[in-house]
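Trainee: Chains as they are written, first to last, in UniProt numbering: chain A, 1 to 393; chain B, 1 to 313.
The structure follows.
Now the structure itself:
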């Protein structure tokens with residue numbers, strides 16, 4: 001029986017952690033993800049989980065402890081945001097190269113410079129090449145569902161990679177919304193027991209991890225790692241299918257909303273997809289053929305599927321909630337544009353940088369984007385490719 | 001159990017030969033010496049900070065370590081092993097592991113005094129049941145002999161060179177052992193390779209079989225960085241102790257205890273002279289630098305004697 005509740009995104013992740021009952025959680029507080037380890041600390045204090053907490057002195061140590069723990073055969077989790085993820089940088093690469101399926105709850109927040117505590121995707125986008133699976137969530141329900149699925153995806157023998165499950169800071173992490181939870185026992189049955197391929201604590205077979213790797217071997221090791229990421233796509237879909245059987249909730253690599261017959265579409269990540277859906281509903285009533293592609297899985301990036309889903313459109317705006325400072329657009333734009341290179345008829349494509357540092361994005365903003373796309377279609381001219389939404393110039 | 005040199009040396013090596021460390025280097029001696037103090041039936045997981053010891057003992061696809069071993073990065077060996085120790089606790093509680101494990105971290109002074117200091121301090125404060133062993137060779141040797149906060153004053157390194165205006169490192173070394181004592185952990189020891197390795201062995205045994213965090217600072221000379229003949233390793237260590245440059249002591253639950261008091265403290269020249277990194281100190285006109293080093297050693301030695309309840313010189 002599903003449990004109906006009202007929870008914030010942080011609460012939803014904490015409940016998922018409680019239900020999964022990981023062996024180890026190592027974390028350091030940072031806004032807006034701080035609540036997650038706080039809730040888990042309370043579960044530990046109340047004896048509701050068996051989890052060993054490692055309340056470290058920095059995020060660098062949090063990920064380092066996660067590496068030491070997961071390598072010892074313990075199911076291990078952490079939560080962080082923004083500069084916390086940035087401080088983990090070096091160790092993110094180490095975790096993925098050792099093929100450790102650590103699960104990280106990322107509450108997306110702008111990176112400092114200047115300091116800002118609100119939602120944008122600079123943190124996870126900066127870590128996009130770190131070899132972690134990245135799954136994004138529009139709302140608390142998706143954050144909860146994705147987190148439970150992430151454990152299975154990362155631990156799959158074909159994959160063996162760490163996974164970060166992302167949600168927008170404050171907008172999702174702190175806003176309380178309705179949610180449907182799964183029964184504890186069902187979650188436990190779904191994730192199952194973690195059986196590591198190798199462990200530091202297997203006395204019958206001691207192992208050595210983290211060698212010096214000469215040019216003679218390094219590239220082969222990276223190739224194997226890439227293969228794990230290649231295989232992840234299939235596993236993500238397989239796990240989603242099983243998840244649907246338990247919950248009735250359907251997940252894919254991305255969500256297409258009113259996309260099939262659309263002429264103009266936006267590609268977007270996380271909470272603003274909800275805002276965009278409201279704008280689409282309004283514009284559809286006005287007879288405008290608008291649609292949306294919401295990225296769920298950013299790593300591995302589903303190039304072919306996205307190309308197939310978008311190539312029939314006339315004009316597309318790719319929405320980036322982070323700057324890449326490439327001077328031609330944000331990171332999502334680069335991926336989508338690259339995916340569409342294979343399309344027979346390439347749609348007109350523009351990029352909007354929007355919502356940095358938590359700047360509000362309303363349905364009016366989204367309508368403005370669609371209107372720009374229609375203006376491009378009418379003129380049959382793309383115009384400026386790299387744009388900012390709602391910025392004071 | 002009383003120390004028996006022959007018995008200790010006849011134990012199967014847990015860091016085997018065939019690794020690529022230099023002849024006359026102290027680091028593998030420190031590692032083997034500590035591992036010899038493990039009961040044979042006990043399992044161990046060893047974490048290693050990036051450094052000479054790591055890259056020379058575990059070059060893919062070869063490892064010289066008999067026990068499970070993890071290297072993650074330069075500055076996080078203590079945090080890494082703290083994760084392994086926490087995993088052990090929970091998996092043991094759940095009945096998934098039967099064996100007894102010990103958790104040991106090796107780091108050079110770079111990975112311990114400097115870049116890894118925060119990680120070490122955090123792990124010690126959290127009270128993990130682990131032993132952190134610093135093999136202190138007083139500079140960043142793996143990157144080619146650059147100064148660290150463990151480098152002694154006036155020593156020549158690649159980043160504290162002998163110039164026309166400046167001669168060697170301009171600062172005294174950080175007293176990390178004392179800093180670790182201030183963490184109020186159950187066991188802190190400072191030692192090096194003396195005689196039949198009794199002091200190292202006994203301290204390692206105490207560190208390993210004391211519940212909670214333990215820290216050992218082991219002076220581990222580097223022939224490349226210190227510029228001594230490889231065969232002179234033991235002699236250099238002896239001089240470090242006899243001049244009181246590197247006193248041997250232990251602090252058990254806050255109680256300071258001197259492990260060895262030289263019958264006659266040798267002047268610091270005896271330790272400095274055989275090392276090429278101090279050769280400039282013996283040029284005419286630099287006598288005041290030697291005096292300054294001697295005065296610092298005398299001051300610190302007296303402080304230590306006082307802490308240990310010994311008669312001051």
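A virtual CB, placed ideally from N, CA and C, is assigned to each residue, including glycine.
(1) Contact between the stretch 67 to 77 of chain B and the stretch 222 to 241 of chain B: three or more CB pairs below 8 Å?
(2) Could you please give me the residues that DSSP links to residue 381 of chain A through a beta bridge?
(3) Just to confirm the assignment, what range does the alpha helix (DSSP H) spanning residue 122 of chain B have?
(4) Is the beta carbon of residue 130 of chain B closer than 7 Å to that of residue 106 of chain B?
(5) So, for residue 191 of chain B: in the same chain, excluding its five sequence neighbours on each side, which residues have a beta-carbon less than 6 Å away from its beta-carbon?
(6) What is the residue span of the beta strand (DSSP E) that residue 135 of chain B lies within?
(7) Please name the residue, chosen from A/86, A/99, A/63, that lies closest to residue 80 of chain B on a Cα-to-Cα basis.
(8) Which residue's Cα is closest to the Cα of residue 372 of chain A: A/356, A/389, A/359, A/357?
(9) Report the neighbours of residue 91 of chain B on chain A: residues whose CB is nearer than 7 Å to its CB, in chain order.
(10) Taking the alpha-carbon positions, what's the residue 33 of chain B to residue 115 of chain B distance?
(11) Out of A/234, A/211, A/323, A/320, which has the shortest C-alpha to C-alpha gap to residue 74 of chain B?
(12) Nearest CA to the CA of residue 317 of chain A: which residue from A/162, A/245, A/347, A/59?
(13) Just to confirm my understanding: we take residue 274 of chain B, look at its own chain, exclude 5 residues before and 5 after, and list those with CB closer than 6 Å. What are they?
(14) When the Cα atoms are used, what is the spatial distance from residue 186 of chain B to residue 126 of chain B?
(15) Determine the contact status of residue 232 of chain A and residue 290 of chain A, defining contact as a CB-CB distance below 7 Å.
(16) Using C-beta distances below 6 Å, list every residue in its chain close to residue 269 of chain A, excluding the 5 sequence neighbours before and after it, in chain order.
(17) Would you kindly check if the distance between the Cβ of residue 167 of chain A and the Cβ of residue 9 of chain A is under 7 Å?
(18) Going by DSSP, what residue range makes up the beta strand (DSSP E) through residue 32 of chain B?
(19) Excluding sequence positions up to five away, which residues of its chain have a Cβ less than 8 Å from the Cβ of residue 221 of chain A?
(20) Between the stretch 36 to 61 of chain A and chain B, which residues of the former have CB atoms less than 9 Å from a CB of the latter, in chain order?
(21) Say whether chain B places a C-beta atom closer than 7 Å to the C-beta of residue 90 of chain A.
(22) Tell me the rounded alpha-carbon separation between residue 342 of chain A and residue 303 of chain A.
(23) Please confirm whether residue 65 of chain A has its beta-carbon closer than 7 Å to some beta-carbon of chain B.
(24) Along the stretch 208 to 219 of chain A, what residues have a CB closer than 9 Å to any CB found in chain B?
(25) Would the stretch 188 to 208 of chain A and the stretch 39 to 55 of chain A be scored as touching if the rule is three or more Cβ pairs under 8 Å?
(26) Report yes if the C-beta distance between residue 22 of chain B and residue 137 of chain B is below 7 Å; otherwise report no.
(27) Got a sec: is the Cβ-Cβ distance from residue 97 of chain A to anything in chain B below 7 Å?
(28) Please report the straight-line C-alpha distance between residue 23 of chain A and residue 180 of chain B, rounded to a whole angstrom.
(29) So is the beta-carbon of residue 317 of chain A under 6 Å away from any non-hydrogen atom of the ligand ADP?
(30) If you count every other CB in all the chains shown that lies within 10 Å of the CB of residue 267 of chain B, and 16 or more means buried, which is it?
(31) Spell out whether any CB of chain B is found under 7 Å from the CB atom of residue 306 of chain A.
(32) Check residue 111 of chain B in the structure and name its three-state DSSP category.
(33) What do you reckon, are the CB atoms on residue 153 of chain A and residue 67 of chain A nearer than 7 Å?
(34) When the distance is taken between beta carbons, is residue 32 of chain A closer than 7 Å to residue 169 of chain A?
(35) Since I believe residue 200 of chain A is in contact with residue 71 of chain A (beta carbons under 8 Å), could you give me their beta-carbon distance rounded to a whole number of angstroms?
(36) Excluding the 5 residues preceding and the 5 following residue 345 of chain B in the sequence, name in chain order all residues of the same chain whose CB lies nearer than 7 Å to its CB.
Mentor: Taking the structure as given:
(1) no
(2) DSSP, once it has assigned bridges, lists no residue as partnering residue 381 of chain A.
(3) 117 to 126
(4) no
(5) Result list for residue 191 of chain B: 199, 200, 203, 218, 248, in chain order.
(6) 131 to 136
(7) A/63
(8) A/389
(9) 23, 73, 74, 201
(10) Each residue's alpha carbon lies about 25 Å from the other.
(11) A/211
(12) A/347
(13) 228
(14) Distance from the CA atom of residue 186 of chain B to the CA atom of residue 126 of chain B, rounded to whole angstroms, is 12 Å.
(15) no
(16) 136, 295
(17) yes
(18) From DSSP, residue 32 of chain B is part of no beta strand (DSSP E) but of the alpha helix (DSSP H) over 27 to 36.
(19) 97, 213
(20) 50, 51, 52, 53, 54, 55, 56, 57, 58, 60, 61
(21) yes
(22) Between residue 342 of chain A and residue 303 of chain A, the alpha-carbon positions lie close to 9 Å from each other.
(23) Yes, residue 65 of chain A counts as interfacial toward chain B.
(24) For the stretch 208 to 219 of chain A, which is checked against every Cβ of chain B, the residues closer than 9 Å are 208, 209, 210, 211, 212, 213, 214, 216, 217, 218.
(25) no
(26) If you check the CB distance, residue 22 of chain B and residue 137 of chain B do not come in under 7 Å.
(27) no
(28) 30 Å
(29) No copy of the ligand ADP occurs in the structure displayed, which carries no ligand at all.
(30) Flag for residue 267 of chain B reads exposed.
(31) no
(32) Residue state for residue 111 of chain B is assigned as helix, using DSSP reduced to three classes.
(33) no
(34) yes
(35) 5 Å
(36) In this structure chain B extends from 1 to 313, so residue 345 of chain B is not present and cannot be described.
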